[in-house]
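Take a look at the structure below.
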Amino acid sequence: MTVLITGVAGFIGMHVADILLRRGDTVIGIDTLNAYYDPALKQARLDTLSGRNGFSFERIDFSDGTALGDCLRRHSGVDRIVHLGAQAGVRYSIDHPEDYVRANLVGHFQVMEAARRIANNGPGLKAFVYASSSSVYGANKEIPFSPEHQADHPMSFYGATKKSAEVMSQSYSHLYRLPMTGLRFFTVYGPWGRPDMSPILFAERILSGQAIRVFNNGDMRRDFTYIDDIASGVVAALDHPPASADSAAAGAPHRIYNLGNNAPVQLLDYIGVIEAACGRKAVLDLEPMQPGDVPETYADISATTRDLGWTPTTPIEVGIPKFVAWFKDWRVR
Numbered sequence: 209m210t211v212l213i214t215g216v217a218g219f220i221g222m223h224v225a226d227i228l229l230r231r232g233d234t235v236i237g238i239d240t241l242n243a244y245y246d247p248a249l250k251q252a253r254l255d256t257l258s259g260r261n262g263f264s265f266e267r268i269d270f271s272d273g274t275a276l277g278d279c280l281r282r283h284s285g286v287d288r289i290v291h292l293g294a295q296a297g298v299r300y301s302i303d304h305p306e307d308y309v310r311a312n313l314v315g316h317f318q319v320m321e322a323a324r325r326i327a328n329n330g331p332g333l334k335a336f337v338y339a340s341s342s343s344v345y346g347a348n349k350e351i352p353f354s355p356e357h358q359a360d361h362p363m364s365f366y367g368a369t370k371k372s373a374e375v376m377s378q379s380y381s382h383l384y385r386l387p388m389t390g391l392r393f394f395t396v397y398g399p400w401g402r403p404d405m406s407p408i409l410f411a412e413r414i415l416s417g418q419a420i421r422v423f424n425n426g427d428m429r430r431d432f433t434y435i436d437d438i439a440s441g442v443v444a445a446l447d448h449p450p451a452s453a454d455s456a457a458a459g460a461p462h463r464i465y466n467l468g469n470n471a472p473v474q475l476l477d478y479i480g481v482i483e484a485a486c487g488r489k490a491v492l493d494l495e496p497m498q499p500g501d502v503p504e505t506y507a508d509i510s511a512t513t514r515d516l517g518w519t520p521t522t523p524i525e526v527g528i529p530k531f532v533a534w535f536k537d538w539r540v541r
């Protein structure tokens, strides 16, 4: 199969592309390599894919419909899309909401339009998998979070744009019969992770002897999910597109699943595992809850396991040491 991956130089995009290439699929990757965080990390991820059989890359902005359309005309035969490109970050969305509108709303629309054109031409569209987020659950009080729960009160603008993308996808799937799957990711970590996320922030400060900021005085729980588990879940969704008959979404071939570790961890326990892997104790700077944050995330993955055959296999006691080993090597490059 031939797969278009948006955000291919991103944390999850690189790992998904790696799995697909190793099993012999063709991957067309696009990314802007923007400066939301160090482009050198994005380029290094891309370098792990460049030159491999079946991989091609174009540096374009998927929110530019003309550029995206031109790219697909240059690469015939795309029959599946994995849309992982987005403007990420809960706290960044507080001060830069316009970036989220452009990437997560306008950009999502443009990729859906590309999918609609593929569905009407060439080999047709076999599957469209897109990234959502556990942030859509926002103020939801029911634990664990289930896709069956209402998610109408996101706490961050980032979460609001991800929820909006899900609603847009439901409409497109219904109107144009596009087989679409949204995946709500829960706190992804591991080698090649984003430097604005807690694993790198914490590990860097622990290794350099600086204090780490711990919000809500450490009274938080997160469903930390290792990158290899997340990437395998994305591929499972790609391999099991929904049909109208098995969809809970009013007859449209559209489903939403959680991808989480199904085992939330106390933040201070998580820090303890990073300390052990780093071989140093952390200096803690305890702070109040930040706007847009929630005290707990916990994924109900029963539907994911039932429909996609996916379950996570990596506890933090295994994943964090792998991450720290990679990070120690990366930081001295």
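Counting in our numbering, the final residue of the sequence shown is number 541, and the numbers go up one at a time with none missing.
No residue lacks a Cβ here, since even glycine has one placed at the ideal position from N, Cα and C.
Hey, residue i and residue j are a contact pair by Cβ (cut 8 angstroms); roughly how many whole angstroms apart?
{"i": "His223", "j": "Asp436", "result": "7 angstroms"}
{"i": "Ile220", "j": "Leu292", "result": "5 angstroms"}
{"i": "Ile227", "j": "Ala439", "result": "6 angstroms"}
{"i": "Asp233", "j": "Pro403", "result": "Contact flag wrong, Cβ pair sits at about 29 angstroms."}
Hey, out of the options, whose CA is closest to residue i's CA?
{"i": "Val545", "options": "Ser381, Ser372, Ala294 and Gly390", "result": "Since the displayed the chain opens at 209 and closes at 541, residue 545 lies outside it and no answer follows."}
{"i": "Ala484", "options": "Ala445, Ala533 and Ala451", "result": "Ala533"}
{"i": "Leu257", "options": "Asn242, Val235 and Tyr397", "result": "Val235"}
{"i": "Leu241", "options": "Gly480, Phe270, Phe263 and Ala339", "result": "Phe270"}
{"i": "Gln378", "options": "Ala339, Ile464, Asn425 and Thr433", "result": "Ile464"}
{"i": "Gly468", "options": "Gly417, Phe263, Val481 and Ile509", "result": "Ile509"}
{"i": "Asp287", "options": "Leu333, Gln418, Ser301 and Glu356", "result": "Leu333"}
{"i": "Ala294", "options": "Thr274, Leu249 and Val216", "result": "Val216"}
{"i": "Arg392", "options": "Ala339, Asp477 and Leu409", "result": "Ala339"}
{"i": "Asp515", "options": "Arg231, Leu446 and Asp307", "result": "Leu446"}
{"i": "Thr214", "options": "Asp272, Asn425, Ala327 and Glu525", "result": "Asp272"}
{"i": "Phe263", "options": "Ala248, Asp255 and Leu229", "result": "Leu229"}
{"i": "Gly426", "options": "Val491, Thr274 and His304", "result": "Val491"}
{"i": "Gly259", "options": "Tyr244, Thr274 and Gly237", "result": "Gly237"}
{"i": "Ser372", "options": "Ser341, Arg267 and Cys279", "result": "Ser341"}
{"i": "Lys489", "options": "Gly417, Tyr308, Met405 and Arg539", "result": "Gly417"}
{"i": "Arg539", "options": "Ala225, Tyr244, Arg231 and Ala248", "result": "Ala248"}
For residue i, would you say it is in contact with chain B, using Cβ-to-Cβ distances shorter than 7 angstroms as the test?
{"i": "Ile438", "result": "In summary, chain B is missing from the structure at hand, where a single protein chain is found."}
By the 10 Å Cβ neighbour count, where 16 or more other Cβ atoms means buried, how is residue i classified, buried or exposed?
{"i": "Glu374", "result": "buried"}
{"i": "Leu383", "result": "exposed"}
{"i": "Ser284", "result": "exposed"}
{"i": "Ile239", "result": "Strictly speaking, residue 239 in this sequence is Asp, with Ile absent from that position. Answer is buried; the Cβ neighbour count reaches 16."}
{"i": "Thr521", "result": "exposed"}
{"i": "Gly251", "result": "What sits at residue 251 in the sequence shown is Gln, not Gly. Label assigned to Gln251: exposed."}
{"i": "Asn470", "result": "buried"}
{"i": "Asn329", "result": "exposed"}
{"i": "Ala311", "result": "buried"}
{"i": "Lys349", "result": "exposed"}
{"i": "Asn466", "result": "buried"}
{"i": "Arg315", "result": "Looking at the sequence provided, one finds Gly at residue 315 rather than Arg. The residue in question, Gly315, is buried, as its Cβ has 16 or more Cβ neighbours within 10 Å."}
{"i": "Val166", "result": "An answer regarding residue 166 cannot be provided, because it is not within the stretch 209 to 541 covered by the chain."}
{"i": "Gly218", "result": "buried"}
{"i": "Gly527", "result": "buried"}
{"i": "Gln318", "result": "buried"}
{"i": "Val481", "result": "buried"}
{"i": "Ala347", "result": "exposed"}
For residue i, which residues of its own chain have a beta-carbon under 8 angstroms away from its beta-carbon, when the five flanking residues on both sides are left out?
{"i": "Arg429", "result": "Pro472, Val473, Gln474, Leu475, Pro503, Glu504, Thr505 and Tyr506"}
{"i": "Gly277", "result": "Ala322 and Arg325"}
{"i": "Val309", "result": "Thr369"}
Looking at the unbroken alpha helix (DSSP H) that takes in residue i, where does it start and where does it end?
{"i": "Val442", "result": "Ile435 to Asp447"}
{"i": "Glu525", "result": "Ile524 to Arg539"}
{"i": "Ile326", "result": "Gly315 to Asn328"}
{"i": "Ile238", "result": "Here Ile238 belongs to no alpha helix (DSSP H); instead the beta strand (DSSP E) covers Thr234 to Asp239."}
{"i": "Asp255", "result": "Pro247 to Asp255"}
{"i": "Phe556", "result": "Past the boundaries of the shown model lies residue 556; the chain is included only from 209 to 541, so the question cannot be answered."}
{"i": "Ser364", "result": "No alpha helix (DSSP H) contains Ser364, which DSSP labels as neither H nor E."}
{"i": "Arg230", "result": "Phe219 to Arg230"}
{"i": "Arg282", "result": "Gly273 to Arg282"}
{"i": "Val481", "result": "Leu475 to Cys486"}
Between residue i and the rest of its own chain, which residues show a CB-CB distance below 6 angstroms, the 5 nearest in sequence each way excluded?
{"i": "Gly498", "result": "According to the sequence as given, residue 498 is Gln; it is not Gly. Phe423, listed in sequence order."}
{"i": "Arg421", "result": "Asp493 and Glu495"}
{"i": "Tyr345", "result": "Phe353 and Ala359"}
{"i": "Pro407", "result": "Tyr397, Gly401 and Phe531"}
{"i": "Ala453", "result": "Because the pLDDT of Ala453 is 48, which lies under 50, any placement of that residue in the model is unreliable, and the number read from its coordinates should be weighed accordingly. None."}
{"i": "Met320", "result": "Tyr380"}
{"i": "Trp518", "result": "Gly441, Ala444 and Thr512"}
Excluding the five sequence neighbours on either side, which residues of its own chain have a C-beta within less than 7 angstroms of the C-beta of residue i, listed in chain order?
{"i": "Pro450", "result": "Pro387, Thr389, Pro461, His462 and Arg463"}
{"i": "Ser343", "result": "Val298, Pro362, Ser364, Tyr366, Gly367 and Lys370"}
{"i": "Cys486", "result": "Ala411, Ile414, Leu415 and Val532"}
{"i": "Ser282", "result": "Here the sequence assigns Arg to residue 282, which means Ser is not the residue at that position. Same-chain partners within the cutoff: there are none."}
{"i": "Ile524", "result": "Phe432, Val473, Tyr478 and Val481"}
{"i": "Arg385", "result": "Pro461"}
{"i": "Trp253", "result": "Just to set this straight, residue 253 is Arg in the shown sequence, not Trp. Here the set comprises Ala217, Met222 and Trp400."}
Tell me which residue opens and which closes the beta strand (DSSP E) that residue i is part of.
{"i": "Met388", "result": "Met388 to Phe393"}
{"i": "Arg421", "result": "Ala419 to Val422"}
{"i": "Ile509", "result": "Run containing Ile509: none; DSSP gives neither H nor E here."}
{"i": "Ile351", "result": "Segment: none, Ile351 is in no beta strand (DSSP E) and carries neither H nor E."}
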